[in-house]
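Under the working numbering, the first residue of the sequence shown is numbered 111, with each subsequent residue one higher.
In what follows, a structure is listed as structure tokens, so that the remarks can point back to it.
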Amino acid sequence: MISSRKRHLTKAASWRIIGSLDTMMLGWIFTGNPLTGLKIGLAETVTKVGLYYFHERIWFNLDLSRFTRLQSSRRRHLLKTVTWRIIGTLDTMVLAWLISSDPLVGLKVGAAEIITKMTLYYIHERAWHRSKFGLKKQDDEIEEIFN
111 MISSRKRHLT
121 KAASWRIIGS
131 LDTMMLGWIF
141 TGNPLTGLKI
151 GLAETVTKVG
161 LYYFHERIWF
171 NLDLSRFTRL
181 QSSRRRHLLK
191 TVTWRIIGTL
201 DTMVLAWLIS
211 SDPLVGLKVG
221 AAEIITKMTL
231 YYIHERAWHR
241 SKFGLKKQDD
251 EIEEIFN
């Protein structure tokens, strides 16, 4: 199977919607201000779309064949979840701090989202693993070239 950029872009967009809604809620909870939560969520939408796309492309091209224990899709998805969460949490913490002007808000939102986002991301990854959207068989791609 060959994965298309369309798949990766759609996957990034669907995750960003879920992730931003989660961040907006956490920002609101920890600041008590829905507008601040909205600002944090919207800011991270911009930064994380790019970060997620590059993370996705790196993982797609990563050859883990020499690490037999990582070939399992569940283990791979778990490791992918952890690497993304590190990047995502650092980004959210900085944004929440800058927007709220309170470093403690950044730490609180970042700490809470470690749990909420890892759970949501793992479910998202498993759903996309089952999806055939944007996947082509190599034979289909050869056929497109000759037609």
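Virtual Cβ for every residue (Gly too), placed ideally from N, Cα, C.
Note that the structure is a prediction, hence the values are computed from the model and not measured.
- Considered as a whole, the segment 142-169 harbours no complete run of any alpha helix (DSSP H) with no fewer than 4 residues.
- For S210, the uninterrupted alpha helix (DSSP H) run begins and ends at 183-210, by DSSP.
- If you look at G220, you'll find it in the alpha helix (DSSP H) that goes 213-240.
- Sixteen is the threshold: since fewer than 16 other Cβ atoms of the shown chains lie within 10 Å of the Cβ of V192, the residue is exposed.
- Nearest C-alpha to R184 among H165, L245, R236: R236.
- Distance from the CA of V204 to the CA of G142, rounded to the nearest whole angstrom, comes to 19 Å.
- Nearest Cα to K227 within the set K149, L245, L200, L214: L200.
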